[in-house]
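A quick write-up on the structure given underneath.
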Amino acid sequence: MSNPESTVPGADAARVAQFREEIDSLKLKGGSAEGEQRLLALGVVLMVVGLVLALFGAIQVGLQGDFPAEQRAYMAQGSFLGIALVIAGGALFVRYSLARYLRFWLIRSSYEQRANADRIVEAIERAAAPTAAPAPAVVPPTFTGTAPTSHP
Numbered sequence: 004m005s006n007p008e009s010t011v012p013g014a015d016a017a018r019v020a021q022f023r024e025e026i027d028s029l030k031l032k033g034g035s036a037e038g039e040q041r042l043l044a045l046g047v048v049l050m051v052v053g054l055v056l057a058l059f060g061a062i063q064v065g066l067q068g069d070f071p072a073e074q075r076a077y078m079a080q081g082s083f084l085g086i087a088l089v090i091a092g093g094a095l096f097v098r099y100s101l102a103r104y105l106r107f108w109l110i111r112s113s114y115e116q117r118a119n120a121d122r123i124v125e126a127i128e129r130a131a132a133p134t135a136a137p138a139p140a141v142v143p144p145t146f147t148g149t150a151p152t153s154h155p
């Protein structure tokens with residue numbers, strides 16, 4: 004993974020360092036990415052195992068057409084348990100995928116807001132800065148003393 008400060012231009016590198024110092028001063032304990040990755044993988048595994056179990060249960064129900072008691076047992080053990088695992092795995096997968104996306108979106112939004120604020124401050128400073136050359140003085144028009152005459 005590359006160092007994010009190496010891709011940041013000069014003035015922004017100081018801002019990034021200041022931002023990191025502010026975050027470090029909050030003394031927040033961040034979550035581990037490993038645990039999140041494990042739960043995301045667990046969601047995928049549960050979906051696959053649930054799908055296999057549901058298919059196995061459905062096949063066994065079809066093969067045991069003579070005995071209704073065995074059909075219900077395979078249906079309960081295989082199909083329903085498999086569907087429950089697929090739903091639980093899907094919920095885990097969606098939850099951690101969405102959390103990862105929203106975290107990325109929040110960081111990007113924060114960075115864009117800081118960049119926009121920097122642009123606005125720069126524009127205000129440019130507008131408020133004294134100009135290098137003074138503006139030309141306004142010269143009032145001179146009158147000759149005679150009023151224009153109208154022709155009848």
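Numbering (this note's numbering), first residue to last: 4 to 155.
For each residue, glycine too, the CB sits at the ideal point set by N, CA and C.
Judged by pairs of C-beta atoms under 8 Å, the segment 56 to 68 touches the segment 77 to 92, as three or more such pairs exist. For Leu29, no alpha helix (DSSP H) run applies, since DSSP gives it neither H nor E.
The beta carbon of Leu95 sits closer than 8 Å to those of Leu42, Leu43, Leu45, Gly46 and Leu49, all from its chain and outside the five residues before and after it, given in chain order.
Per DSSP, Gln80 is not a residue of any alpha helix (DSSP H), being assigned neither H nor E. Within its own chain, the residues whose Cβ lies closer than 7 Å to the Cβ of Gly60, once the five positions on either side in sequence are excluded, are Tyr77, Met78, Gln80, Gly81, Ser82 and Gly85, listed in chain order. Per DSSP, the unbroken alpha helix (DSSP H) holding Val47 starts and ends at Ala36 to Leu66.
Closest in C-alpha terms to Val89, from the list Val142, Ala130, Val141 and Val51, comes Val51.
Straight-line spacing of the CA atoms in Glu24 and Leu101 works out to 28 Å. Rounded to the nearest angstrom, the Cβ distance from Tyr99 to Glu39 is 6 Å, consistent with a contact under 8 Å. With fewer than 16 other Cβ atoms from the protein chains shown falling within 10 Å of its own Cβ, Gly65 counts as exposed.
The Cβ-Cβ distance between Arg117 and Arg18 falls below 8 Å.
Distance from the CA of Ala20 to the CA of Gly92, rounded to the nearest whole angstrom, comes to 40 Å.
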